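Structure, as structure tokens:
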Amino acid sequence: MRFSTLQEWLVWQETLHSQKIELGLERILDVANSMDVGKPNYTAIVVAGTNGKGSIVTILESIFHHAGYRVGAYTSPHLLHYNERIRVQQQNADDSSLCNAFDKVDRARGDTSLSYFEFGTLAAMQIFAESDLDVAIYEVGLGGRLDAVNILDAEVAIVSSIGIDHVQWLGSTRELIGFEKAGVFRANRPAICGDTNPPNSLIEYAEKLGTELLLINKDYSYTKRSDDTWSFSGASVNWDGLPMPSLYGEVQIGNAATALMALVRLDSVLAVTRESVDRGLSKISLPGRFQRIPGPCEIILDVAHNLDSAKVLVNNLRELKPVQKTIAVFAVLADKDVCGIIECVGGMFDEWHISQLDSERALEKESLKKQLDNCCHDCVIYSYSSISEAYNAAKNTQDESLRIVVFGSFLTVAEVLSLEV
């Protein structure tokens, strides 16, 4: 084995490939075939989308688990530990399993160069192949058509939503991005789209391919009945009195409905009872999605990092009771629509505590301050050397009624979460 610790493997993988991100399937498909993991002996579900992918994966994982199936889940990025990315029976893969899987990938690849994400995707496939699974749910990393996960021919493909993000790789319009995400569709297999305004490119892709495309508000729908219950209707299934998913915000009901439509289409292969659905919806855990940290002041962690997720964050904040002061702890990557995010959320905050992420893709704090000055007039801005310092300064604010909202990136949330666990 090349390395004996997980950290050594990860550091090496970050430097192995010439590009941090390289879309394309030829290299990873060759290695997957060498490993004999490209055609799994379990039901595979692939989830793409701009926002909501992780929520849908986790909802499906929870329901299948409570239905008694052996289930795997692959998500990215992680918050605190790489092990979070690969789960079997809702348990993170341990270091030993990951190291063994990386070793098998390394031996199979020969002189083929793999990116960090491709290494992780193949490791997940290897671990799942050894875990006697009934079903595994894979989250697409970027786009769909050329993403490493797309070497799998999934039984069901899901696109959660289509928004503007990662424009340098996917394009700058919803039509271009929709085409890329539709790349996970397969002929004569069902695909589900949870976007209420799907681009024509996605619909046309499905039609030309011969995919059975199921659209929200057309082929399935949901209705919020009360603060505690909602109903789902899709195909021949009508479920009323469903418990709210244990993730905050109405957007999560839509994500849950999209997950349930996948369950309905898989019923002949993986039958799930209504009781399992209820239990699964009530037991979802997904850190960083409007996550509330207990303490003397209200602390909310949210990985919102693009315009659409910022809109969801604003809607969620508006549902909360007013407080005397709300502080944003904010840092972001340079390739985001920073001004769009700021203009969307600006009216929600009395102060901005900003810093720079520890990433080569980070937006420098001087540039962030300049964008705040330009896009959020009269904003009160404090700049710090680290996210931790910005967060601690916000917590030390002497206000009786204080709310702190940490957002902008998975990395922003991860640094604060590491202080609270």
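Quick note on numbering that gives the first Met the number 0: the sequence shown kicks off at 0 and runs consecutively. Cβ coordinates follow ideal geometry from the N, Cα and C atoms, glycine included. Owing to the predicted nature of the structure, the values given are computational and were not obtained by experimental measurement.
Within a 10 Å sphere around the beta-carbon of Leu418 sit fewer than 16 other beta-carbons, which makes this residue exposed. For Cys378, the secondary structure class from DSSP, reduced to helix, strand or coil, is coil. Close CB contacts of Glu350 within its chain, under the 6 Å cut and outside five residues either way in sequence, are with Ile326 and Val379 (chain order). By the Cβ test, the segment 390-408 is in contact with the segment 308-326, since at least three Cβ pairs between them sit closer than 8 Å. Linking Gln12 to Met34 through their CA atoms gives a straight-line distance of about 18 Å. Val412 has its alpha-carbon roughly 20 Å from the corresponding atom of Glu138. Here Ala181 is near Gly143, since their CB atoms are less than 8 Å apart. With a cut-off of 8 Å on Cβ pairs, the segment 306-316 is in contact with the segment 152-168, counting three or more such pairs.
Residue burial annotation: Ser96 is buried, with at least 16 other C-beta atoms found within 10 angstroms of its C-beta.
Glu365 and Ser384 have their C-alpha atoms some 11 Å from each other. DSSP places Gly51 outside any beta strand (DSSP E), giving it a letter other than H or E.
Annotated as proximal: Gly209 and Asn187, with beta-carbon spacing under 8 Å.
Going by DSSP, Ala256 is part of no beta strand (DSSP E) but of the alpha helix (DSSP H) stretching over Val250 to Arg264.
The Cβ neighbour count for Pro39, taken over all protein chains shown within 10 Å, is at least 16; the residue is labelled buried. Within the same chain, Gly279, Lys282 and Ile283 come within 7 Å of Ser61 by CB-CB distance, once the 5 residues on both sides are set aside. Sequence-distant Cβ neighbours of Val104 in its own chain, meaning closer than 8 Å and more than five residues away, are Val30, Met34, Leu113, Phe118, Leu121, Ala122 and Gln125. Shown here, Val155 sits in a strand according to DSSP, grouped into three states. In the same chain as Pro244, and ignoring 5 residues on each side of it, the C-beta atoms closer than 7 Å to its own belong to Ile58, Gln251, Ile252, Ala255, Leu280 and Ile283, in chain order. Thr49 and Asn149 have their C-alpha atoms roughly 16 Å apart. Remark: C-beta atoms of Tyr219 and Leu213 approach each other more closely than 8 Å. Lys52 has its alpha-carbon roughly 16 Å from the corresponding atom of Leu262. Phe184 sits close to Ala205, with the two beta carbons spaced by under 8 Å.
Taken atom to atom, the span from the alpha-carbon of Ile27 to that of Asp398 is near 53 Å.
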